[in-house]
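One structure is given below, encoded as structure tokens.
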Amino acid sequence: MLDEIWDSFGAYEEHHASKNRLGMLLVFALEAKEWILQLDYKEDIEDHVDFIKNAWKGQPTKLLEFELVDNNQAYFALVPVNAHVTNWFEVQVEQAVVVREEE
1 MLDEIWDSFG
11 AYEEHHASKN
21 RLGMLLVFAL
31 EAKEWILQLD
41 YKEDIEDHVD
51 FIKNAWKGQP
61 TKLLEFELVD
71 NNQAYFALVP
81 VNAHVTNWFE
91 VQVEQAVVVR
101 EEE
């Protein structure tokens, strides 16, 4: 069956190794606890940003957008503005935008 989809078993293994399974599971767990927000690609983050839990009370924060599998979903989390984040649990950060500053 795999040979109908993939040219070789090596190509199948390479594809699945690149999916960062542990990182995805952690993102999904944090999303279930509302520390990460999951939105459909059609939804505007500005309508939902106030619903993300913020562990950084009193600090300026920025919004991170995560790139996961091609599932038409966007994932967001708040981090301190001065945090340099390029990935989150092996999941690539797509962009970081300052959306609010709390003092």
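When you line the sequence shown up against full-length UniProt numbering, it's residues 1 to 103, in that order.
All C-beta atoms in this analysis are idealised placements derived from N, C-alpha and C, irrespective of residue type, glycine included.
In the structure shown, the three-state DSSP call for D40 is strand. Note on K33: under 16 other CB atoms within 10 angstroms of its CB, so exposed under the neighbour-count rule. A residue is called buried when at least 16 other Cβ atoms come within 10 angstroms of its Cβ; V85 does not meet this threshold and is exposed. In the three-state scheme derived from DSSP, where H, G and I count as helix and E and B as strand, L25 is classed as helix. Look at V93 here: in three-state DSSP terms it is strand. DSSP places A32 in the helix class (H, G or I) of the three-state scheme. Per DSSP, reduced to three states, the secondary structure at E46 is helical. Secondary structure of E13 (DSSP, three-state): helix. Taking the Cβ atoms as the reference, D50 lies roughly 19 Å from Q73, outside the contact range of under 8 Å. Inter-residue distance for T61 and E13 is about 38 Å (C-alpha atoms, whole angstroms).
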